[in-house]
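Q:
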Amino acid sequence: MTQLNRRTVLLGGIAGVGTALAGAAVARAAAYPFTLGVASGEPTADGFVLWTRLAPSPLNADGLGGMSSANVTVEWQVATDQNFTQLAASGSTTAVQAWAHSVHVEVAGLQANREYWYRFRASGQISPVGRARTAPAAGTSPALKMLFASCSHYEAGYFTAYRRMAEEAPDLILHLGDYIYEGAAGSAVRTHVPSAEISSLANYRVRHALYKTDVDLQAAHGAAPWIPVWDDHEVENNYANLVRNDSSPAGDFTARRAAAYKAYYEHMPLRSAQLPASHNMQLYRRLRWGSLATFHLLDTRQYRDDQACGDGTKVCADADLASRTLTGAAQEAWLLDGLGQHLGTWDIIGQQVFFAQRLAAADGSRSMDSWDGYTASRGRIQAGWQARGNTSTVVLTGDVHQHWASNIMDNYTTQNQVIGTELVTTSITSGGDGSGAGTGLSSLNPHVKFNWNKRGYVRTVTTPTQMTVDFRALNQVTVRGSAATTVRSYVIQAGSPGLQTA
Ligand code: FE
Ligand code: CA
Numbered sequence: 121m122t123q124l125n126r127r128t129v130l131l132g133g134i135a136g137v138g139t140a141l142a143g144a145a146v147a148r149a150a151a152y153p154f155t156l157g158v159a160s161g162e163p164t165a166d167g168f169v170l171w172t173r174l175a176p177s178p179l180n181a182d183g184l185g186g187m188s189s190a191n192v193t194v195e196w197q198v199a200t201d202q203n204f205t206q207l208a209a210s211g212s213t214t215a216v217q218a219w220a221h222s223v224h225v226e227v228a229g230l231q232a233n234r235e236y237w238y239r240f241r242a243s244g245q246i247s248p249v250g251r252a253r254t255a256p257a258a259g260t261s262p263a264l265k266m267l268f269a270s271c272s273h274y275e276a277g278y279f280t281a282y283r284r285m286a287e288e289a290p291d292l293i294l295h296l297g298d299y300i301y302e303g304a305a306g307s308a309v310r311t312h313v314p315s316a317e318i319s320s321l322a323n324y325r326v327r328h329a330l331y332k333t334d335v336d337l338q339a340a341h342g343a344a345p346w347i348p349v350w351d352d353h354e355v356e357n358n359y360a361n362l363v364r365n366d367s368s369p370a371g372d373f374t375a376r377r378a379a380a381y382k383a384y385y386e387h388m389p390l391r392s393a394q395l396p397a398s399h400n401m402q403l404y405r406r407l408r409w410g411s412l413a414t415f416h417l418l419d420t421r422q423y424r425d426d427q428a429c430g431d432g433t434k435v436c437a438d439a440d441l442a443s444r445t446l447t448g449a450a451q452e453a454w455l456l457d458g459l460g461q462h463l464g465t466w467d468i469i470g471q472q473v474f475f476a477q478r479l480a481a482a483d484g485s486r487s488m489d490s491w492d493g494y495t496a497s498r499g500r501i502q503a504g505w506q507a508r509g510n511t512s513t514v515v516l517t518g519d520v521h522q523h524w525a526s527n528i529m530d531n532y533t534t535q536n537q538v539i540g541t542e543l544v545t546t547s548i549t550s551g552g553d554g555s556g557a558g559t560g561l562s563s564l565n566p567h568v569k570f571n572w573n574k575r576g577y578v579r580t581v582t583t584p585t586q587m588t589v590d591f592r593a594l595n596q597v598t599v600r601g602s603a604a605t606t607v608r609s610y611v612i613q614a615g616s617p618g619l620q621t622a
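Using my numbering, read the sequence shown as starting at 121 and increasing by one per residue.
#1: Return the chain-ordered list of same chain residues with a C-beta closer than 8 Å to the C-beta of residue 439, the five sequence neighbours on each side being excluded.
#2: Under 8 Å between the Cβ atoms of residue 172 and residue 223?
#3: Taking Cβ to Cβ, would you say residue 460 is nearer than 8 Å to residue 409?
#4: According to the Cβ coordinates, are residue 215 and residue 194 closer than 8 Å?
#5: Relative to ligand 1, is the shortest distance from any of its heavy atoms to the C-beta of residue 312 smaller than 7 Å?
#6: So, with DSSP's three-state summary, where would you put residue 597?
#7: Are the beta-carbon atoms belonging to residue 389 and residue 230 less than 8 Å from one another?
#8: Of all residues in the structure, which have a C-beta closer than 5 Å to any heavy atom of ligand 1, taken in chain order?
#9: Would the C-beta of residue 351 count as close to ligand 2, meaning under 7 Å from any of its heavy atoms?
#10: Looking at the structure shown, is residue 328 part of a helix, part of a strand, or coil, going by DSSP?
#11: Could you compute how far the alpha carbon of residue 150 sits from the alpha carbon of residue 196?
#12: With a CB to CB cut of under 7 Å and the five nearest residues on each side skipped, what residues in its chain are close to residue 615?
#13: Among residues of its own chain, excluding the 5 on either side of residue 300, which ones have a beta-carbon nearer than 7 Å to its beta-carbon?
#14: Report all residues from its chain with a CB closer than 6 Å to the CB of residue 419; omit the five preceding and five following residues, and keep chain order.
#15: So within the region 240-280, which uninterrupted beta strand (DSSP E) runs reach at least 3 residues, ignoring any that extend past its ends?
#16: Quick check: what's the CA-CA separation for residue 613 versus residue 534?
#17: With respect to 7 Å, is the separation between the Cβ of residue 457 and the closest non-hydrogen atom of ligand 2 below this value?
#18: What is the rounded straight-line gap between the Cα of residue 206 and the Cα of residue 235?
#19: Less than 7 Å separating the Cβ of residue 366 from some heavy atom of ligand 2?
#20: So what does DSSP say about residue 350, is it helix, strand or coil?
#21: Please find out if some non-hydrogen atom of ligand 2 comes closer than 7 Å to the beta-carbon of residue 440.
#22: Quick check: the region 251-259 against the region 303-316, are there 3 or more CB pairs under 8 Å?
#23: Taking the alpha carbon of residue 279 as the reference point, which residue from 518, 163 and 594 has its own alpha carbon closest?
#24: Is it right to say residue 302 is buried, meaning 16 or more other beta carbons lie within 10 angstroms of its own, or is it exposed?
#25: From the DSSP output, in three-state form, read off residue 459 for me.
#26: Assuming residue 221 and residue 187 form a contact by the criterion Cβ under 8 Å, report the distance between their Cβ atoms to the nearest whole angstrom.
#27: Taking only the alpha-carbon atoms, compute the straight-line gap between residue 618 and residue 544 and give it to the nearest angstrom.
#28: Going straight from the alpha carbon of residue 395 to that of residue 348, what length do you get?
#29: Would residue 208 and residue 198 qualify as a contact pair, given that the criterion is a beta-carbon distance under 8 Å?
#30: Taking the beta carbon of residue 145 as the centre, do at least 16 other beta carbons fall within 10 Å, making it buried, or is it exposed?
#31: In whole angstroms, what separates the C-alpha of residue 168 from that of residue 407?
#32: Determine contact between the region 527-541 and the region 599-607, defined as no fewer than three beta-carbon pairs at a distance below 8 Å.
#33: When every heavy atom of ligand 2 is checked, does at least one fall within less than 7 Å of the C-beta of residue 519?
#34: Using only the alpha-carbon positions, how far apart do residue 273 and residue 519 sit?
#35: So residue 521 and residue 271 are in contact, right, with Cβ under 8 Å, and what is the actual spacing, rounded?
#36: Can you tell me the Cα-Cα spacing of residue 277 and residue 181, whole angstroms?
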């Protein structure tokens, strides 16, 4: 009954906005605050997070978005239809300057496995409408259409790939990091603001706001719930825990990381469980998609040992030291514990850097920033899922700005047994248009089956028996409007790891 009354009040209020604006109140109407769009994320069987941030002047250098220090009441509605004739939930929350007037509403009590629409109202203005979705209930396994993406460099091109993702109306979108880039303006296709490499909280807020003003990115957020995890560029290229990559800009790196993590939280549809504390933020987490799939989202930046022998691709015996970790001990134990729970048919590990072995030359040189620079860490996790009987493990990866597909081997030297599958998405824009067929396949890495150098994303449709995989690519990102086409498809059978030609 309370909900019904609330609905009547809210609908009446929203219907009355036009009248109010037509009258004397128009002179005092606030500037439109929803310039950064809306988003949903973190779906469970009974809810999700709704996000927006009030920012009538999103690129103001102080990072405050044109808002005063005043608290602002933000009303929200969730409906079962696009026209909001049937409200399923509604309420209000308070946006405060300490969190850049961002809003994170954790909606619960909804029906499992269905789509919803949501919107906000603040300062007499109504937001765009977003589409969200709940996960299916435990014990059920409806098919899942999921897209994943990474590496969206604003300057490298237009976000047409995000637009194409929105048009696919997926159930779920994973973002595997490099959602923003921290670098100074370089004027490739579009220009970064602030113009210098970002390092302060105000800087990170403005950079996030710049990205969020992109209409194609807004479309992707508005089309489906997201599950985001960061990589390095949300803070600084190739940083490792509290070890900075270089000394520029000068300043305390711990404070810089804290600023970057806070701004990331402020701009993502994350739960309060992810609230930053000091210079840390708990980002690794598990989400269930009914009994079909469990998503294990990793953070391979915050707890890692520094790159062995420094960054880059090189020969480095220290990369194989048993003591080295990419995840930290606690996250590794958490992952293996979760894999041992067998909560769903599929275990999908969403993470950042190339997982399978990828030798660059016969001398054994390999990327020190990827799992190849932390081979004991990789070995413990692989052996861990083998020991627990996980036979439908799929690792999802970003970071390297090209499409790749690999079989994960129990032993990369003997190539004895396929124990999992890795799908690496190309970038949204990073690297520019690209050349088409990749040049990365090598007899040094017989388990690596596919490489394609164009921008795009990966589409998966998962059922209890198989996962179909389509690598999607756009011809150009330096001009708008390219179509997305499928450049390679695979099938992965549940219980029988490895890539099969579709
Ligand atoms: Fe990247
Ligand atoms: Ca990266």
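Using N, Cα and C, we set each Cβ at its ideal position, and we do this for glycine too.
Source: prediction; values computed, not measured.
A: Working from what's here:
#1: Scanning its chain for C-beta atoms nearer than 8 Å, with the 5 sequence neighbours on each side dropped, one finds around residue 439 the residues 428, 429, 486, 488, 492, 493, 494 and 495, in chain order.
#2: Yes; because the gap between Cβ atoms is below 8 Å, this pair is in contact.
#3: Contact flag unset, no.
#4: Yes, Cβ-Cβ distance for residue 215 and residue 194 is below 8 Å.
#5: False, no ligand heavy atom lies under 7 Å from that Cβ.
#6: Here DSSP, grouped into helix, strand and coil, assigns residue 597 to coil.
#7: Residue 230 sits away from residue 389, with the two beta carbons spaced by 8 Å or more.
#8: Output, sorted by chain position: 271, 298 and 550.
#9: Checking the Cβ of residue 351 against ligand 2 gives yes.
#10: It is helical.
#11: C-alpha separation (whole angstroms): 18 Å.
#12: Excluding its 5 nearest sequence neighbours in each direction, residue 615 has C-beta neighbours in its own chain below 7 Å: 511 and 512, listed in chain order.
#13: These residues qualify, in order along the chain: 327, 328, 331, 353 and 354.
#14: Answer for residue 419: 403 and 404, listed in chain order.
#15: For the region 240-280, whole beta strand (DSSP E) runs of length 3 or above, ordered along the chain, are 250-253 and 264-269.
#16: Annotation: residue 613 to residue 534 spans about 23 Å, alpha carbon to alpha carbon.
#17: Checking the 7 Å criterion, the Cβ of residue 457 is out of range of every heavy atom belonging to ligand 2.
#18: A straight-line Cα-Cα distance of about 13 Å links residue 206 and residue 235.
#19: Residue 366: no, Cβ never under 7 Å from ligand 2.
#20: Coil, per DSSP.
#21: It does not: the Cβ of residue 440 is nowhere closer than 7 Å to a heavy atom of ligand 2.
#22: The region 251-259 is not in contact with the region 303-316.
#23: Minimum Cα distance to residue 279 is reached at 594.
#24: Here residue 302 is buried: its Cβ has 16 or more other Cβ atoms, across all protein chains shown, within 10 Å.
#25: In the structure shown, residue 459 sits in a helix (DSSP, three-state: H, G or I).
#26: Taking 8 Å as the upper bound for CB-CB distance, residue 221 and residue 187 are in contact here, some 5 Å apart.
#27: Going by the C-alpha atoms only, they are around 14 Å apart.
#28: For residue 395 and residue 348, the gap between their C-alpha atoms comes out near 14 Å.
#29: For the 8 Å CB-CB criterion, residue 208 and residue 198 form a contact.
#30: Reliability fails at residue 145, whose pLDDT of 43 lies under 50, so the model's placement of it is uncertain and no value is given.
#31: Those two C-alpha atoms are separated by around 11 Å.
#32: Contact between the region 527-541 and the region 599-607 is not established, with fewer than three Cβ pairs separated by less than 8 Å.
#33: Yes, Cβ of residue 519 sits closer than 7 Å to a heavy atom of ligand 2.
#34: Answer to the nearest angstrom: the Cα atoms are 12 Å apart.
#35: With 8 Å as the limit, residue 521 and residue 271 qualify as a contact, their Cβ atoms being about 6 Å apart.
#36: Distance from the CA atom of residue 277 to the CA atom of residue 181, rounded to whole angstroms, is 23 Å.
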